[in-house]
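*Asks:* Below you will find the structure I want to go over with you.
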DNA sequence: GGCAGTCTCAAGCTCAGCTTGAAGGCAAGA
DNA sequence: TCTTGCCTTCAAGCTGAGCTTGAGACTGCC
């Protein structure tokens, strides 16, 4: 659980109060202070901040307990709620006003469930909205440990190693552990999916090289604007890059489908 | 005009510009001015305004034709697009930046059926229906005349000829006129979009050849099943093919984004 | 020719969603 | 107890998205 918070002070367990530690998780059951909460969320949500958490409370999205002295104390379920809020905001682009309603109406489910919530609602509701993140050129910055990635994607460790060997993915080494950003994680997920159909690691070089070629092409086209000192111009170029990537992907898909149609019929 | 689309709404009722235009509108074929468009959308979107429509164009979400004098002229497909934009904004709370990408990537579909339809059907059905014909290996069969395609996509005729020369698209000749299926039409649309950013026709060979290679790869993997006489097995193989294509496209997009991120700095 | 409709471009406006700073209180180790 | 760092509130400010407004000029149609 290495964190990358800008307001970093890095030390794993600055847990205030003890462990009444009933069970499995090393989570301090008795409630965490706002700073601890913030650090805990920083890896998944790099742009979290203490002031933001306070702001969310101000907006009636949270309501943690308080100590006698007025300190906020966040329980495990507060954490779940907060995580849900941040996910809805980041992935679904919902405004806080709407998130508040979703939560109030019990519609927002958290499929992550470390906490034993019985998950009464139909799964259909949960999967209704798809994840839209990770298709942006500007990286979010969140990092995930190898073990987390493996668990989430249910990928074969050998496959991951193979990918790393082929240079398809590239991890960051920190404190002897591999960390991956969101894109790498999704790449691993996609590759795992392909592997289920029998597409092996060696076939992926095809994909990689064509991606490289296309990237070079797009770069060439936008090179002048990208090199510009003018920040406005640069920002526009980055947006153009994203749009170009989206259109190019769409085009490639269409071409692929067309080819496959020939094959199929 | 001379479309052969089964879902054609050919009702040349030259009714006066009725403000309601509820469901099946009369086709003011030649394009509407911004004021007319605005009034036409006012019932479904009360907070629409002329300046807002212009703003959306400024943000690269629309690109209507112009008269010689500079007046904007909105076609029927412009209207569809605009309506989609407004719906995504109002119902899905998507920011314009994201809507732009959704549209560019062809992901945004227009399922109407607005008023009070409870949509009780399970999500599976909805998402299946949401899939557009042009991304399915089983062709819908609709064909469009060149002139219609040109008008709808606003493509440069020279570009289309170039694409045809490069073998990127292939028309069917019927009664001396070129006809294109839905996929080709979308390919032309995507290419036109790319052309706006300066990606020329000759660059598209890169895309084509990699599509060919990938198609060959997928074919190889599914060849036995595809050759099967058993119709069930064949159907499964076709489904697998579509899934593979979708995942492969996603993977390619991720790889491209990753490369672009390096480029972007 | 006249007049409603439209054009561009720059400036401004509003609101969501935070951030910052000041002035001070709480918790816990030395 | 003291000290140090984390925490508190509150008010003010900032930034970007998403438009609106106004000025001044042009278009298109009767």
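Protein chains in written order, with this note's numbering: chain A, 1 to 265; chain B, 1 to 265.
A virtual CB, placed ideally from N, CA and C, is assigned to each residue, including glycine.
Being a predicted model, the structure only gives us computed values, none of them experimental.
#1: Between residue 203 of chain A and chain B, is any beta-carbon pair separated by less than 8 Å?
#2: Helix, strand or coil: which one does DSSP assign to residue 145 of chain B?
#3: Note down, in chain order, every chain B residue with its Cβ under 7 Å from the Cβ of residue 215 of chain A.
#4: Under 8 Å, do residue 211 of chain B and residue 217 of chain A count as touching if we go by C-beta distance?
#5: Taking residue 205 of chain B as the reference, give the member of A:251, A:161, A:41 and A:179 with the closest Cα.
#6: What separation, rounded to the nearest whole angstrom, lies between the Cα atoms of residue 265 of chain B and residue 172 of chain A?
#7: Starting from residue 177 of chain A, trace the beta strand (DSSP E) both ways and give me its first and last residue.
#8: Would DSSP call residue 73 of chain B helix, strand or coil?
#9: Going along chain B in order, which residues have a C-beta closer than 7 Å to the C-beta of residue 243 of chain A?
#10: By the DSSP assignment, the beta strand (DSSP E) with residue 62 of chain A in it spans what residues?
#11: If you run the structure through DSSP and keep just helix, strand and coil, what is residue 226 of chain B?
#12: Just to confirm, are residue 249 of chain B and residue 258 of chain A a CB contact at a threshold of 8 Å?
#13: Taking DSSP as the reference, what is the three-state secondary structure of residue 88 of chain B?
#14: Are the stretch 233-250 of chain A and the stretch 98-110 of chain B touching by the rule of at least three beta carbon pairs closer than 8 Å?
#15: Just to make sure I have the definition right: I need the residues of chain B whose C-beta is within less than 7 Å of the C-beta of residue 186 of chain A. Which are they?
#16: If you count every other CB in all the chains shown that lies within 10 Å of the CB of residue 262 of chain A, and 16 or more means buried, which is it?
#17: Sort out for me which residues DSSP pairs residue 174 of chain B with in a bridge.
#18: Would you mind telling me which residues of chain A sit closer than 7 Å to residue 190 of chain B, beta carbon to beta carbon, in chain order?
#19: Between residue 38 of chain B and the rest of its own chain, which residues show a CB-CB distance below 8 Å, the 5 nearest in sequence each way excluded?
#20: Tell me residue 32 of chain A's beta-bridge partners as DSSP assigns them.
#21: Is residue 236 of chain A closer than 8 Å to residue 223 of chain A when the C-beta atoms are compared?
#22: Determine whether the beta carbon atoms of residue 185 of chain A and residue 149 of chain A lie at a separation below 8 Å.
#23: Return the residue from the list B:253, B:75, B:44 and B:232 that minimises the CA-CA distance to residue 65 of chain B.
#24: Could you compute how far the alpha carbon of residue 82 of chain A sits from the alpha carbon of residue 70 of chain A?
#25: What residue range is occupied by the uninterrupted alpha helix (DSSP H) comprising residue 138 of chain B?
#26: Mind checking the stretch 48-66 of chain B against chain A and listing, in chain order, the residues whose C-beta falls within less than 9 Å of any C-beta there?
#27: What are the residues in the stretch 63-95 of chain B lying within 9 Å of chain A by C-beta distance?
#28: Can you tell which of B:178, B:34 and B:161 has the C-alpha that lies nearest to the C-alpha of residue 200 of chain B?
#29: So residue 221 of chain B contacts chain A; which residues on that side make the cut at Cβ distance below 7 Å?
#30: Please report the straight-line C-alpha distance between residue 94 of chain A and residue 193 of chain B, rounded to a whole angstrom.
#31: Output needed for residue 233 of chain B: all residues of its chain with C-beta closer than 7 Å, excluding positions within five of it in sequence on either side, in chain order.
#32: Over what stretch of residues does the alpha helix (DSSP H) that includes residue 97 of chain B continue unbroken?
#33: Between A:169, A:241 and A:44, which has its C-alpha nearest residue 141 of chain A's C-alpha?
#34: Does residue 80 of chain B pass the burial test, meaning 16 or more other C-beta atoms within 10 Å, or should it be called exposed?
#35: If you follow the alpha helix (DSSP H) that residue 259 of chain A is in, where does it begin and where does it stop?
#36: Please work out which residues of its chain come closer than 6 Å, Cβ to Cβ, to residue 208 of chain A, disregarding the five sequence neighbours upstream and downstream, and give them in chain order.
*Replies:* Judging by the given coordinates:
#1: Yes, contact with chain B.
#2: Three-state DSSP puts residue 145 of chain B in a strand.
#3: Counting only Cβ-Cβ distances below 7 Å, residue 215 of chain A has contacts in chain B at 256, 259, 260 and 263, in chain order.
#4: Taking the C-beta atoms as reference points, residue 217 of chain A is found no nearer than 8 Å to residue 211 of chain B.
#5: Per the C-alpha coordinates, the member of A:251, A:161, A:41 and A:179 positioned closest to residue 205 of chain B is A:251.
#6: The alpha-carbon atoms of residue 265 of chain B and residue 172 of chain A are separated by roughly 17 Å.
#7: First-last of the beta strand (DSSP E) with residue 177 of chain A: 177-181.
#8: In the structure shown, residue 73 of chain B falls within a strand segment according to DSSP collapsed to helix, strand and coil.
#9: Result: 100, 101 and 104.
#10: Careful: residue 62 of chain A lies outside any beta strand (DSSP E) and carries neither H nor E.
#11: Three-state result, residue 226 of chain B: helix.
#12: No, the pair does not count as a contact, with Cβ atoms beyond the cut-off.
#13: Three-state DSSP puts residue 88 of chain B in a helix.
#14: When Cβ pairs closer than 8 Å are counted between the two stretches, the stretch 233-250 of chain A is seen to touch the stretch 98-110 of chain B, the count reaching three or more.
#15: Taking a Cβ-Cβ threshold of 7 Å, the residues of chain B close to residue 186 of chain A are 254, in chain order.
#16: Exposed is the label assigned to residue 262 of chain A, since fewer than 16 other Cβ atoms lie within 10 Å of its Cβ.
#17: Bridge partners of residue 174 of chain B: B:177.
#18: What residue 190 of chain B touches in chain A: 247, 250, 251 and 254.
#19: When the five nearest sequence neighbours on each side are left out, the beta carbons in the same chain lying within less than 8 Å of the beta carbon of residue 38 of chain B are those of 48, 49, 50 and 53, in order along the chain.
#20: Note: residue 32 of chain A sits in a beta bridge opposite A:74.
#21: Not in contact: residue 223 of chain A and residue 236 of chain A (Cβ atoms no closer than 8 Å).
#22: Annotated as proximal: residue 185 of chain A and residue 149 of chain A, with beta-carbon spacing under 8 Å.
#23: The option with the nearest alpha carbon to residue 65 of chain B is B:75.
#24: Rounded to whole angstroms, residue 82 of chain A and residue 70 of chain A show a C-alpha spacing of 20 Å.
#25: Secondary structure note for residue 138 of chain B: it is in no alpha helix (DSSP H), with a DSSP letter that is neither H nor E.
#26: For chain A, the residues of the stretch 48-66 of chain B that bring a beta carbon within less than 9 Å of one of its beta carbons are 60, in chain order.
#27: Per Cβ criterion, the list reads 92, 93, 94 and 95.
#28: Nearest C-alpha to residue 200 of chain B: B:161.
#29: Chain order gives the chain A residues near residue 221 of chain B as 197, 198 and 199, where near means a beta carbon separation below 7 Å.
#30: Between residue 94 of chain A and residue 193 of chain B, the C-alpha separation is close to 29 Å.
#31: Result list for residue 233 of chain B: 225, in chain order.
#32: Boundaries of the alpha helix (DSSP H) around residue 97 of chain B: 96-104.
#33: Closest in C-alpha terms to residue 141 of chain A, from the list A:169, A:241 and A:44, comes A:44.
#34: With fewer than 16 other Cβ atoms within 10 Å, it is exposed.
#35: In the DSSP assignment, residue 259 of chain A falls within the alpha helix (DSSP H) that extends over 231-264.
#36: Same-chain partners within the cutoff: 168.
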